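The structure appears right after this line, and notes come after that.
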Amino acid sequence: MGPTIAPVQTSSGMPSSTTVVIVGGGIVGLTAALTLAERGIPVTVLEKGRVAAEQSSRNLGWIRKTNRTPEDVPLAMAADRLWQGMPERVGKTVGYRQAGIMFIARTAEQMAVYENWQQSVKDYVPESRLLTPNEIAQQVPGGQGVWAGGIFTPSDGRAEPTLASSAIAQAAMAKGAVIVENCAVRSLSLATGKVCGVVTEKGEIRCEQVLLAAGLWSRRFLGNMGINLPTLPVVCSVLRTQPMEGPTDIAVGAPDFSFRKHQDGGFIITQRGALDAPLTLDHARIGLRYLPTLRSQRDALRIRLNRYFWQDLMLPRRWRNNRISPFERVRTMDPEPNPDLNNEALTNLRAAWPVFNQAKIEQAWAGMIDITPDTNPVIGAVDGVPGLTLATGFSGHGFGTSPAAGQLAADLVMNATPLVDPAPYRFDRFK
Ligand SMILES: Cc1cc2nc3c(=O)[nH]c(=O)nc-3n(C[C@H](O)[C@H](O)[C@H](O)COP(=O)(O)OP(=O)(O)OC[C@H]3O[C@@H](n4cnc5c(N)ncnc54)[C@H](O)[C@@H]3O)c2cc1C
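Our numbering puts the first residue of the sequence shown at 128, with every later residue one more than the last.
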């Protein structure tokens, strides 16, 4: 199971009509709901399982501009501002700390990636700076690794995923949003080609707009309508230690491990250099679109033919409104953590910072991530389906940008001035 999420008391019933229905109670759908509720717009969030039980509670909690594609940096900068104001906005801690993020390189080749990134964003993120091995040793003492250098962005940070989504959900409800758990949306209702509602397992809700923020499931949801959203799944395994003394409050990402301090005093650790890539039928259908990314990431992907192939194959790709949908069959995607990858992460970390020899592992989990071909999300309208907007495909880095992504999605849904230029996120870029 994933980490324990701060409890949220959601609604038992749902309205017969509203202005906006949001499909998916992950952090993106919830921040969009909070924004809409604050603007006085009736909104209902429908979640097939529990709020934030998939990616939004299982992630590492990193909030970073570093290493984002340059066109994604303005959204991340807007998110920084929103995270800073979040405790006051939601009236609760979300574990936000602007303690900085550092990436470190073993080789000149790895270092060149950071140098190029820093050059490409130096006008936006002037505080991001390259580090020498000595500076790494000063900022993160007690290390024994040999580093070519690193990059440090002091304005990056972290928050606690298990607190943030719940706090945002509660604030959204306090401001008038309705959130219903265990309520899968099976499909859209259309009238003369325009959205007029959603069909759920508990009946129909009429609405003017739908925001699809269904994470990993958005591709299947749209596929049932004949719309091809290219995303493929990868699985990231994570460890959490018991509280311990560590070398730094900064989140550190090395080529083959990463660690960041947890609010309870422990550390969240992962094998940053490897992800499980479970094969599915979709690899045959859309895999070619990923070739450029695959070329640069091929060492990081552990491609596997495992039981997920069969699980995915057995789930329908087309269904009728009056039949149980795939979303009711899998209330919460709960992949098994990969002990080999977690052991690699711990071994590599211990070799680099021996203080982690005393780390006692409290919990291991995994989460399944939806990756687009260019690793940027889709936030925007769907041509040909008036009333349908997407906020999905966050490709493993949507927790950090979620306050801004949710707000941008809300802006687009209501035709308001967008928080940032939405052009990089248009759906039609995949055509
Ligand atoms: C292990 C791991 C580590 C990560 N680390 C980081 C990190 O450090 N920093 C960072 O920025 N990002 C990170 N991410 C990525 C981040 O977690 C995601 O980008 C973000 O949570 C996406 O939020 P979401 O709301 O789009 O999706 P989700 O959290 O997946 O939410 C989608 C929700 O929609 C629901 N749903 C789907 N279909 C339906 C339907 N038909 N009806 C009703 N409900 C439906 C699902 O049940 C789910 O709850 C990580 C992810 C993982 C798994």
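Glycine included, C-beta positions come from ideal geometry on N, C-alpha and C.
Fair warning: this is a prediction, and the values are worked out from it, not measured in the lab.
- Secondary structure of residue 508 (DSSP, three-state): strand.
- Not a single heavy atom of ligand 1 lies less than 7 Å from the C-beta of residue 388.
- The C-beta of residue 236 has fewer than 16 other C-beta atoms within 10 Å across all chains shown, which makes the residue exposed.
- Relative to ligand 1, residue 324 has its C-beta separated by 7 Å or more from all heavy atoms.
- The secondary-structure analysis by DSSP pairs residue 490 across a beta bridge with 367.
- In the structure shown, residue 264 falls within a helical segment according to DSSP collapsed to helix, strand and coil.
- Across the structure, residue 539 and residue 309 are spaced so that their CA atoms are roughly 27 Å apart.
- With contacts defined by Cβ atoms closer than 8 Å, residue 276 and residue 341 do not form a contacting pair.
- Not one heavy atom of ligand 1 lies closer than 7 Å to the C-beta of residue 280.
- Looking at the backbone, the Cα of residue 466 and that of residue 270 are separated by about 25 Å.
- For residue 279, the enclosing beta strand (DSSP E) covers residues 276–280.
- Residue 293 sits buried, since 16 or more C-beta atoms from the chains shown fall within 10 Å of its C-beta.
- The stretch 417–433 and the stretch 323–333 do not touch, with fewer than 3 CB-CB distances between them shorter than 8 Å.
- Where residue 236 is concerned, the enclosing alpha helix (DSSP H) starts and stops at 235–247.
- In this structure, DSSP gives residue 313 an extended state, which the three-state scheme calls strand.
- Straight-line measurement puts the Cα of residue 209 at about 34 Å from the Cα of residue 487.
- According to DSSP, residue 210 shares a beta bridge with no other residue.
- In this structure residue 189 is buried. Its beta-carbon is surrounded by 16 or more other beta-carbon atoms within 10 angstroms.
- Between the alpha carbons of residue 537 and residue 316 lies a gap of roughly 20 Å.
- If you draw a straight line from the Cα of residue 263 to the Cα of residue 139, it is about 52 Å long.
- Not a single heavy atom of ligand 1 lies less than 7 Å from the C-beta of residue 384.
- The Cβ-Cβ distance between residue 377 and residue 472 does not fall below 8 Å.
- Secondary structure at residue 360: strand, using DSSP grouped into helix, strand and coil.
- Residue 386 has 379 and 396 as its beta-bridge partners, per DSSP.
- Between ligand 1 and the CB of residue 174, the shortest heavy atom gap is smaller than 7 Å.
- Boundaries of the alpha helix (DSSP H) harbouring residue 477: 466–479, taken from the DSSP string.
- Between residue 354 and residue 141, the C-beta gap is not smaller than 8 Å, which leaves the two residues out of contact.
- Residue side-chain check: residue 348 places its Cβ nearer than 7 Å to a non-hydrogen atom of ligand 1.
- In the structure shown, residue 403 adopts extended strand secondary structure according to DSSP, grouped into three states.
- Apart from sequence neighbours up to five positions away, the residues of its chain that approach residue 482 with a beta-carbon distance below 6 Å are 269 and 374, ordered along the chain.
- Taking a 10 Å sphere around the C-beta of residue 143, we find fewer than 16 other C-beta atoms and assign the residue as exposed.
- Residue 406 places its beta carbon 8 Å or farther from that of residue 361.
- For residue 526, the distance from the CB to the nearest heavy atom of ligand 1 is below 7 Å.
- Around residue 221, the same chain offers 210, 213, 214, 286, 287, 290, 291, 294 and 295 as residues with beta carbons nearer than 8 Å, after the five sequence neighbours per side are excluded.
- Annotation: residue 169 to residue 201 spans about 29 Å, alpha carbon to alpha carbon.
- In the three-state scheme derived from DSSP, where H, G and I count as helix and E and B as strand, residue 155 is classed as helix.
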